[in-house]
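Taking it in order: structure first as structure tokens, then the write-up.
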Amino acid sequence: MTEITARSRFRAATCPYEDASLSIEERVADLLGRMTVEEKAGLMFQTIAVMGPEGTLPDDKDLLPFDFTVREMIAEKGMNHFNLVGGGRPEHIAQWHNRIQELALETRLGIPITLSTDPRHHFTDNPGTAAYAEGFSQYPETLGLAAIGDEESVREFADLMRREYLAVGIRLALHPQIDLATEPRWSRINGTFGEDAELTGKLVAAYIRGAQGETLNTESVACMTKHFPGGGPQLDGEDPHFAYGREHVYPGDNFDYHLEPFKKALAAGTSQMMPYYGMPIDTEHEAVAFGFNKGVITGLLRERLGFDGIVCTDWGLISDANIMGRPMPARAWGVEDLSVPDRVSRVIEAGCDQFGGEHIPEQVVALVRAGRLTEERLDLSVRRLLREKFVLGLFDHPFVDPAAAAELVGTDAGIAAGLRAQSRSVTVLKNESVLPLGEGTRVHVRGIDPEVAARYGTVVATPEEADVAIVRIKTPFEPREGAFEQFFHAGSLEFPEAELTPILDLCATVPTVVDIYLERPAVIPEIAAGSAALVANYGCADAPLLDALFGRVRPEGRLPFELPRSMADVRAQRSDVPQDGTDPVFGFGHGLTY
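If you count the sequence shown from 1, you need to add 14 to reach our numbering.
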């Protein structure tokens with residue numbers, strides 16, 4: 015497909031809303047006045063879309079997450095917001111994006127598609143929260159950006175992300191995630207900036223400005239900041255994707271602390287907000303999921319904090335689904351007994367504008383026809399959604415250039431910046447005069463590619479032959495059943511004996527550098543005591559880790575949360591209070607340098 019820069023190939027600009035010389039307010043008003051109830055309802059739904067091989071549009075419903083193709087959702091349901099799950103080479107994403115834009119321009123009003131994505135520039139590959147960085151520059155998780163702690167580095171990352179998203183047609187980031195990691199067991203800590211509100215607020219402001227600019231414009235990627243009003247204080251660290259994790263608890267009466275980063279996001283101009291699935295327990299707010307919660311969305315976010323942007327629910331509040339072969343109930347926590355129409359009505363009444371992960375605009379139409387929902391209320395949300403499309407320039411330039419995408423995404427400079435950030439984020443927790451390692455040191459490696467290690471030292475087969483051993487480990491978790499649920503690493507943070515003993519035996523045999531991937535705050539007092547050096551990473555490939563260990567790049571990381579001494583200490587902590595351990599092995603902000 016050759017480059018297409020405007021919509022004129024498909025539509026003549028015969029209506030005022032298609033006239034780029036008019037103000038955005040004039041264009042929105044004109045288009046809104048032309049829309050049917052069905053078209054307005056279609057705008058209020060955003061759901062998952064998948065791409066076929068090499069950028070094609072899959073029509074085989076056996077390959078799709080539900081019984082409607084993107085083609086059908088655009089043509090028959092009037093939908094024009096989609097969340098790309100999975101992907102492929104950048105030029106193929108760009109080609110697919112252009113194909114769905116063509117479908118949108120063939121509809122009656124030609125409203126262009128807004129394409130969104132979960133994070134794509136890190137290591138996590140969880141279909142419910144993030145996508146592996148195939149083809150894109152790869153940075154540490156946002157925990158690693160927090161470990162570096164530098165606002166300019168975060169802004170530069172977000173700007174690179176913006177440019178790479180723009181190249182493939184992604185105009186809405188379903189991030190940043192700014193929940194505070196005050197409950198150490200929670201499975202989604204790796205997507206946060208840690209447990210400290212001040213640090214998170216400082217970094218999220220830089221993130222939003224890097225992605226959106228000082229104000230949203232035609233070169234921006236809009237940010238849907240999440241998960242309002244803070245998803246960290248989960249009961250026992252369980253996640254509200256699942257019914258057993260539906261409760262948010264505040265034993266430290268610290269609800270307002272979790273709002274602080276959102277205030278900074280609002281001040282930086284975040285275009286959208288996403289409330290989380292959970293339901294607040296024993297607060298001034300009703301004990302229903304945040305997306306249904308009028309006191310939280312209208313009373314707190316809109317009225318008290320003054321947000322007039324788009325509020326989109328998290329995915330799947332209304333409809334039961336089948337995810338990876340298992341039934342998944344709608345996350346209608348606290349209102350499970352409501353019918354589907356009543357849930358839809360409740361979300362709109364709460365103050366939300368859009369339903370994430372749903373494709374049932376006919377339910378909104380039925381509410382209007384039944385007199386349960388006014389068209390004026392629809393217009394309030396539709397006006398916000400249309401305005402963002404105009405501000406982003408989608409009506410005037412909906413297409414991207416696939417050839418340019420291949421050149422602009424995953425450039426040598428972008429890849430190098432990501433690798434350097436991985437190295438910089440490495441956090442040295444302990445160092446008994448072992449680090450940095452000398453070039454050519456005889457090393458025994460476990461969990462590291464020996465061919466990569468050979469570029470730094472002399473790799474030997476046994477610990478007895480080595481000057482130093484290097485072993486890579488990951489934060490423990492308790493495996494859960496189900497193909498989808500297993501992606502959410504929750505439960506105990508301490509190593510079982512069968513995993514801990516070989517690590518300690520190696521430490522007793524040879525001076526050992528232990529590197530641990532901290533997706534949650536691991537319980538590692540024995541490893542801290544037995545190792546000769548202990549470092550943490552937050553998503554780091556072998557080469558950038560070894561760059562840090564051998565001193566080629568200076569590690570700068572500081573812990574974005576404290577590391578507890580025991581699971582008894584974890585259970586005793588208040589889940590809404592930061593740095594609440596009694597005797598952590600390493601405290602918040604700890605990190606050595608060399």
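Where is the CB? At the ideal position from N, CA and C, for every residue including glycine.
Remember, predicted model here, so these are calculated numbers, not experimental data.
With residue i and residue j assumed to form a contact (beta carbons below 8 Å), what rounded beta-carbon distance in angstroms separates them?
i	j	result
R176	G224	7 Å
G571	P375	Actually they do not touch by this definition, with Cβ atoms about 46 Å apart.
E508	V466	At roughly 30 Å, the Cβ-Cβ gap does not stay under 8 Å, so E508 and V466 are not in contact.
P190	T239	6 Å
V584	P578	5 Å
A504	E261	Contact doesn't hold; Cβ gap of about 14 Å is too wide.
A108	A419	4 Å
R534	T489	5 Å
W553	E155	Strictly speaking, residue 553 in this sequence is Gly, with Trp absent from that position. Between E155 and G553 the Cβ distance is about 4 Å, and since that is below 8 Å, they are a contact.
Leaving out five residues before and five after residue i in sequence, what residues of the same chain have Cβ atoms less than 8 Å from its Cβ?
i	result
N307	P289, M293, P294, H299, E300, A364
I88	N94, I114, L117, A118, T121, I127
R391	I362
G424	P104, G149, F150, S151, E178
S580	E508, V537, P539
I332	A344, A346, V354, R357, V358, V361, F369, E372, I374, Q377
V567	R434, S437, R438, P558, D561
Where does residue i fall in DSSP's three states?
i	result
A483	strand
M87	helix
N94	coil
S450	It should be pointed out that residue 450 corresponds to Pro in this sequence rather than to Ser. Note: P450 maps to coil in three-state DSSP.
H189	coil
F501	helix
V349	coil
A160	helix
E647	This structure does not reach residue 647, given that the chain is present from 15 up to 608, and the question cannot be answered.
Q368	strand
P493	coil
S201	coil
L117	helix
A55	helix
H373	coil
M175	helix
V457	strand
A335	strand
A63	strand
H411	coil
P341	strand
L507	coil
P592	coil
H299	coil
S167	helix
S130	strand
H136	strand
Please determine, among the options, the residue with the shortest C-alpha to C-alpha distance to residue i.
i	options	result
S439	A536, G496, D164	D164
E495	N94, E90, N268, P341	P341
A557	E86, Q152, F82	Q152
V457	V473, D463, L451, P450	V473
G320	T327, C326, T312	T312
A34	I484, L577, L408	L408
C29	D44, I38, S37, E39	D44
R357	A431, D590, T327	T327
E446	F171, T526, P265	T526
R397	P416, G432, S437, V325	V325
V99	A63, T70, T206	A63
T284	V442, G309, I222	I222
L451	P464, P477, I484	I484
V414	T70, M49, N112, D73	N112
G432	M58, F256, A172, P516	A172
E32	L400, D73, P67, E499	L400
A430	D132, T50, L174, V51	L174
For residue i, which residues of its own chain have a beta-carbon under 7 Å away from its beta-carbon, when the five flanking residues on both sides are left out?
i	result
G208	L157, A160, A195, T214, P574, F575
A480	R456, V457, H458, V474, V524
N336	M342
D463	D556
Going by beta carbon distance, what residues of the same chain come within less than 6 Å of residue i, once the five residues before and after it are set aside?
i	result
V269	Just to set this straight, residue 269 is Phe in the shown sequence, not Val. Excluding residues within five positions, the ones whose Cβ falls inside 6 Å are T297.
D334	P343, A344
G565	P450
M65	W110
D410	A34
Examine the ligand HEM and report whether any of its heavy atoms sits within less than 7 Å of the Cβ of residue i.
i	result
G496	You won't find the ligand HEM in this model; it holds no ligand whatsoever.
message: Threshold first: 3 residues or longer. Then list the beta strand (DSSP E) segments lying entirely within the segment 513 to 581, N to C.
response: 526 to 531, 547 to 551
message: Which runs of the alpha helix (DSSP H) at least 4 residues long sit entirely within the segment 234 to 289? Give them in chain order.
response: 274 to 282
message: If we require 3 or more residues per run, which beta strand (DSSP E) segments fall completely within the segment 380 to 405?
response: none
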